[in-house]
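Novice: Throughout, the working numbering is defined as the position within the sequence shown, counted from one, plus 9.
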Amino acid sequence: MKRKIYLDNNATTPIDPVVLDAMMPYFKEKFGNAASRNHPFGWEAEEAVEKARKTIAKSLNCRAREIVFTSGATESINLAIKGYCERNSEKGKHIITQVIEHKAVLDTCKEMENRGWEVTYLSVNKEGLIDLDNLKETIRDDTVLITIMHANNEIGVMNDIFSIGEICLERDICFLSDAAQSFGKLPIDLEAMHIDMLAVSGHKIYGPKGIGFLYVRQRNPKVELKLQIEGGGHERGMRSGTLPVPLIVGLGEASRLCFENMDAESKRLRSMRDKLVATLTDELPDTIINGSMEQRLPHNVNFSFPHVEGEALLMKLESIACSSGSACTSATLQPSYVMKALGHSEELAHSSIRIAFGRMNKEDDTEIAAKEIIDAVMTLREKSPFHRTAKSQPA
Ligand SMILES: Cc1ncc(COP(=O)(O)O)c(C=O)c1O
Numbered sequence: 010m011k012r013k014i015y016l017d018n019n020a021t022t023p024i025d026p027v028v029l030d031a032m033m034p035y036f037k038e039k040f041g042n043a044a045s046r047n048h049p050f051g052w053e054a055e056e057a058v059e060k061a062r063k064t065i066a067k068s069l070n071c072r073a074r075e076i077v078f079t080s081g082a083t084e085s086i087n088l089a090i091k092g093y094c095e096r097n098s099e100k101g102k103h104i105i106t107q108v109i110e111h112k113a114v115l116d117t118c119k120e121m122e123n124r125g126w127e128v129t130y131l132s133v134n135k136e137g138l139i140d141l142d143n144l145k146e147t148i149r150d151d152t153v154l155i156t157i158m159h160a161n162n163e164i165g166v167m168n169d170i171f172s173i174g175e176i177c178l179e180r181d182i183c184f185l186s187d188a189a190q191s192f193g194k195l196p197i198d199l200e201a202m203h204i205d206m207l208a209v210s211g212h213k214i215y216g217p218k219g220i221g222f223l224y225v226r227q228r229n230p231k232v233e234l235k236l237q238i239e240g241g242g243h244e245r246g247m248r249s250g251t252l253p254v255p256l257i258v259g260l261g262e263a264s265r266l267c268f269e270n271m272d273a274e275s276k277r278l279r280s281m282r283d284k285l286v287a288t289l290t291d292e293l294p295d296t297i298i299n300g301s302m303e304q305r306l307p308h309n310v311n312f313s314f315p316h317v318e319g320e321a322l323l324m325k326l327e328s329i330a331c332s333s334g335s336a337c338t339s340a341t342l343q344p345s346y347v348m349k350a351l352g353h354s355e356e357l358a359h360s361s362i363r364i365a366f367g368r369m370n371k372e373d374d375t376e377i378a379a380k381e382i383i384d385a386v387m388t389l390r391e392k393s394p395f396h397r398t399a400k401s402q403p404a
């Protein structure tokens, strides 16, 4: 059997063995409850949790007490949007977001609409980016929250978070950014970027699944949330429930590795990605790259191959694991809403595939992937009546 090459690192990443090693003792002999204040088992667990919290805080230029551990970005986003809006409803009931956010944001915004809030969904241009003047014009006196992701999970485009943060600061509006795809891959300075809340998942950075955090600003200004889970008052009352110590240790270690190796890792993955882009665009002339190539995560690319159906292409790629659309929408055969937001036709929206390189990829993976994609696209195009018609049209 051929070696399977994993190129779906936007969906999830394999756990780094160093991370797993760091976690193991906390599944075994160091099993204490971090809330047990009366004995060394509890102290040891609490110490490990606080170490992870400090590591994460250092990487973001914030204080450790501003990190609230959750089960992942989805929960963090729910806590941030529902918690902030419900706690601050006297300030107004208008939220601004964009059409290509992850479903975790879009569906939570829909729920806020059910609860009486109004939401404006900003459109994006064909590069996948919002217009900042449009954002400014959309702000109203009753706008309380702006939620714009740092990097998109499907097309990898990166928003101008600095400018959005400045706009929020000027207008005194709370700024939430979903950094599930960017944390550990791009530098983030919460002070410089004027971010008030930031949502992250551990399994996108070679850490374990089921753990993440929400950064909640505690000064200049202090962000107040209505808690969403009642219970023992863990996480300074913001998220009750016994802390999953091994997962938190894993998240801390995964963050440390990402931040220590960020430059080298970005450079390596960018070069693999760029080589793939160059080969495919050379060999397959109609190849379309979805989203801005300049403002994009270094390890991601999203292609459309006209006259080739994305799902059919994936079935043909025997040694490559990648996805058409995001993992969360690929269970349904709806064309990706992100592709449609870029202005693509239904047919082109169905023809996209997302490739994301990761830490475990080897140098020759690019070559193997390129060859297999080229062969598969050519074979499928030969069978496509649309492609044959297009070829026979006079220029
Ligand atoms: C941009 C973005 N936001 C939020 C999430 C949700 O993360 P999780 O499923 O880990 O809660 C994801 C996961 O795919 C994502 O890519």
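Cβ atoms here follow ideal geometry from the backbone N, Cα and C, with glycine treated the same way.
Given a cut-off of 8 Å on the beta-carbon distance, is the pair VAL310 and GLU163 in contact?
Specialist: Position 301 of the sequence shown, counted from the start, is the residue given in the question as residue 310. Position 154 of the sequence shown, counted from the start, is the residue given in the question as residue 163. Taking 8 Å as the Cβ cut-off, VAL310 and GLU163 do not qualify as a contacting pair.
Novice: According to DSSP, simplified to helix, strand and coil, what is ALA358?
Specialist: Here residue 358 refers to the residue found at position 349 of the sequence shown. It is helical.
Novice: Starting from the N-terminal side, write out each stretch of the alpha helix (DSSP H) that is 4 residues or longer and does not extend beyond the region 22-110.
Specialist: With a minimum length of 4 residues, the continuous alpha helix (DSSP H) runs that stay inside the region 22-110 are 26-36, 49-69 and 82-96.
Novice: Three or more C-beta pairs under 8 Å: does that hold for the region 258-271 against the region 191-201?
Specialist: Cβ pair count under 8 Å is three or more, so yes.
Novice: From PRO403 to SER328, what distance separates their C-alpha atoms?
Specialist: The sequence position of residue 403 within the sequence shown is 394, counting from 1. The sequence position of residue 328 within the sequence shown is 319, counting from 1. In this predicted model, PRO403 has a pLDDT of only 46, less than 50, meaning its place in the structure is not dependable enough to derive any value.
Novice: Consult DSSP for SER393 and reduce its assignment to one of helix, strand or coil.
Specialist: For the purposes of this step, residue 393 is taken as the residue at position 384 of the sequence shown. Note: SER393 maps to coil in three-state DSSP.
Novice: Skipping 5 residues on each side, what residues in its chain have a beta carbon closer than 7 Å to that of LYS100?
Specialist: Counting from 1 along the sequence shown, the entry for residue 100 is found at position 91. Taken in chain order, the residues that qualify are VAL153.
Novice: Express the C-alpha separation of LYS392 and GLU84 in angstroms, rounding to a whole number.
Specialist: Locating residue 84 in the sequence shown gives position 75, counting from the first residue. Locating residue 392 in the sequence shown gives position 383, counting from the first residue. Approximately 45 Å, taken between the alpha carbons.
Novice: What do you reckon, are the CB atoms on ASP187 and GLU110 nearer than 8 Å?
Specialist: Translated into the one-based positions of the sequence shown, residue 187 becomes position 178. Translated into the one-based positions of the sequence shown, residue 110 becomes position 101. Yes, the Cβ-Cβ distance between ASP187 and GLU110 is below 8 Å.
Novice: Could you tell me whether any non-hydrogen atom of ligand 1 is closer than 7 Å to the CB of THR83?
Specialist: The residue labelled residue 83 in the question sits at position 74 within the sequence shown. Yes, the beta carbon of THR83 sits closer than 7 Å to at least one heavy atom of ligand 1.
Novice: ARG368 and GLY165: beta carbons closer than 8 Å?
Specialist: Within the sequence shown, residue 368 is the residue found at index 359, counting from 1. Within the sequence shown, residue 165 is the residue found at index 156, counting from 1. Taking 8 Å as the Cβ cut-off, ARG368 and GLY165 do not qualify as a contacting pair.
Novice: In or out: SER406 buried (at least 16 other Cβ within 10 Å) or exposed?
Specialist: Lying outside 10 to 404, the shown extent of the chain, residue 406 is not represented and no answer is given.
Novice: Go ahead and pull the three-state DSSP assignment for GLY211.
Specialist: Here the question's residue 211 lines up with position 202 in the sequence shown. DSSP places GLY211 in helix when its eight states are reduced to three.
Novice: Within the present structure, is the beta-carbon of SER393 separated from the nearest heavy atom of ligand 1 by less than 7 Å?
Specialist: Working through the sequence shown from its first residue, we reach residue 393 at position 384. No.
Novice: Quick check: the Cα distance between ILE204 and PRO196, rounded to an integer number of angstroms?
Specialist: Counting from one through the sequence shown, the residue named residue 204 turns up at place 195. Counting from one through the sequence shown, the residue named residue 196 turns up at place 187. Near 13 Å, if we compare the C-alpha coordinates of PRO196 and ILE204.
Novice: Can you give the Cα-Cα distance for ASP272 and PHE366, rounded to whole angstroms?
Specialist: Looking up residue 272 in the sequence shown gives position 263. Looking up residue 366 in the sequence shown gives position 357. Their backbone Cα atoms lie some 15 Å apart in a straight line.
Novice: If contacts are defined as beta-carbon pairs under 8 Å, then LYS284 and THR375 qualify, I think. What distance do you get, rounded to the angstrom?
Specialist: In the sequence shown, counting from the first residue as 1, residue 284 sits at position 275. In the sequence shown, counting from the first residue as 1, residue 375 sits at position 366. LYS284 to THR375, Cβ: 5 Å. Contact.
Novice: Among HIS316, PHE40 and MET281, which has the Cα closest to the Cα of HIS308?
Specialist: Taking the sequence shown and counting its residues from 1, the one referred to as residue 308 is at position 299. Minimum Cα distance to HIS308 is reached at MET281.
Novice: Please return the same chain residues whose Cβ sits closer than 8 Å to the Cβ of VAL232, not counting the five positions on each side in sequence.
Specialist: Taking the first residue of the sequence shown as position 1, residue 232 is located at position 223. Excluding positions up to five away in sequence, the list reads TYR93, CYS183, ASP205, MET206, VAL225 and ARG226.
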